[in-house]
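Have a look at the structure below, then the notes.
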Amino acid sequence: MLFLSNEQLQALSHDSTVLEQDGLGPKVLRLSDGSFLKLFRKRRMLSSETLKPYAQRFADNAKRLQRLGLATPEIVEVYRLEDPINRTAVRYRPLPGETLRHALEQSGPSQQQPLVKQFGQLLGLLHEKGVYFRSIHLGNVLLLPSSELGLIDLADMKIGRRPLSLRLRLRNLKHMRRYDKDRSWLFEQFNDALAEGYAQHAGHYAKAVLANDQSA
Numbered sequence: 024m025l026f027l028s029n030e031q032l033q034a035l036s037h038d039s040t041v042l043e044q045d046g047l048g049p050k051v052l053r054l055s056d057g058s059f060l061k062l063f064r065k066r067r068m069l070s071s072e073t074l075k076p077y078a079q080r081f082a083d084n085a086k087r088l089q090r091l092g093l094a095t096p097e098i099v100e101v102y103r104l105e106d107p108i109n110r111t112a113v114r115y116r117p118l119p120g121e122t123l124r125h126a127l128e129q130s131g132p133s134q135q136q137p138l139v140k141q142f143g144q145l146l147g148l149l150h151e152k153g154v155y156f157r158s159i160h161l162g163n164v165l166l167l168p169s170s171e172l173g174l175i176d177l178a179d180m181k182i183g184r185r186p187l188s189l190r191l192r193l194r195n196l197k198h199m200r201r202y203d204k205d206r207s208w209l210f211e212q213f214n215d216a217l218a219e220g221y222a223q224h225a226g227h228y229a230k231a232v233l234a235n236d237q238s239a
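The sequence shown begins at 24 in the numbering used here and counts up by one.
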């Protein structure tokens with residue numbers, strides 16, 4: 024992790040474009056060379072951020088997922104900042120493509136069904152590989168030009184050595200129900216396609232996961 028002074032941060036972000044911001048300022052910048060800079064706010068003194076900064080988690084998770092054969096952004100550098108608002112930052116080269124949510128919005132039912140099945144395959148693979156992507160939803164999964172799926176927004180994730188328990192699988196699906204469009208596509212219109220895709224990597228869990236989720 025490299026230290027970046029305020030002056031160096033300003034120089035790095037010169038001519039950048041703000042892609043995401045909140046009341047405290049920019050959160051994601053597109054730099055002049057096309058790479059992205061994601062900024063992580065300072066948290067309270069005693070937090071998990073103190074032990075392992077979110078920028079480092081993002082970078083480590085990206086590399087571990089790549090070793091599992093999954094598409095993620097290419098990490099350029101991780102920074103520790105002097106900035107009073109932001110504690111750390113990660114610079115990366117973004118994946119090409121569009122969010123799966125946007126792809127579904129722009130597609131008819133005949134195209135939506137195979138996309139939901141493909142997402143089910145990805146979700147089953149993640150669960151079998153021990154990946155608990157807490158905040159997964161159709162807005163942080165990308166449909167790449169190659170028609171593969173990739174993952175973004177990787178800080179809120181744990182990667183274990185064993186397949187996920189049924190409890191964690193159900194918790195993951197419950198999170199996705201918070202988004203109206205995701206819930207409609209995944210659990211109402213194309214639930215059978217989701218189950219079929221999920222079963223390709225996690226067949227022994229598919230029936231229990233989806234039956235329990237529907238009854239929740």
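Quick reminder that beta carbons are idealized off the backbone N, C-alpha and C, glycines included.
Model, not experiment: these values are computed from the prediction.
Exercise for the section: With a 10 Å radius around its C-beta and 16 neighbouring C-beta atoms as the bar for buried, classify Ala34 as buried or exposed. Expected result: exposed
Practice task
Output yes or no for whether 9 Å exceeds the beta carbon distance between Glu219 and Pro186.
Solution key: no
Handout entry: Three-state class that DSSP yields for Glu121 in the structure shown
Key = strand
Handout entry: Helix, strand or coil at Asp83 [DSSP, three-state]
Key = helix
Exercise for the section: Would you kindly work out how many angstroms separate the C-alpha atoms of Gln31 and Gly48, rounded to a whole number? Expected result: 18 Å
Problem - Any alpha helix (DSSP H) of 4 or more consecutive residues that is wholly inside the region 108-161 - result: 123-128 and 132-151
Practice task
Decide if the region 139-146 is in contact with the region 208-225; the criterion is three or more beta carbon pairs, one per stretch, under 8 Å apart.
Solution key: yes
Practice task
Please look up how many angstroms separate the CB atoms of Leu161 and Leu118, rounded, as I've assumed it's under 8 Å.
Solution key: Not quite, the Cβ-Cβ distance comes to about 15 Å (not below 8 Å), so this is no contact.
Practice task
Measure the C-alpha to C-alpha separation of Asn195 and Tyr155 and round it to an integer number of angstroms.
Solution key: 8 Å
Handout entry: Straight-line gap, Asp38 to Ser55 (C-alpha atoms, nearest Å)
Key = 6 Å
Problem - Contacts around Ser158, its chain only, beta-carbon distance under 6 Å, and the 5 residues preceding and following it disregarded - result: Asp179
Problem - Short CB-CB distance (under 9 Å) between Leu91 and chain B - result: The structure shown contains no chain B; it holds only a single protein chain.
Problem - Lys197 versus Leu42 - alpha carbon distance - result: 28 Å
Handout entry: Candidates Arg201, Leu189 and Thr95: closest to Val232 by CA position
Key = Leu189
Problem - Option nearest Leu104 by Cα separation, candidates Phe26, Asp45, Glu171 and Arg80 - result: Phe26
Handout entry: Neighbourhood of Ser28 by C-beta distance below 8 Å, restricted to the same chain and skipping five residues each side
Key = Glu105
Exercise for the section: Mind reading off the beta-carbon distance from Thr95 to Gly147? Whole number of angstroms is fine, and I expect it under 8 Å. Expected result: Contact flag wrong, Cβ pair sits at about 18 Å.
Problem - Neighbour-count burial assignment, Arg184, 16 or more Cβ in a 10 Å radius - result: exposed
Handout entry: Backbone CA spacing between Gln44 and His227 [nearest angstrom]
Key = 42 Å
Problem - Distance, Val99 Cα to Gly57 Cα - result: 12 Å
Problem - DSSP bridge partner residues for Ala94 (one or two, in chain order) - result: Gly173
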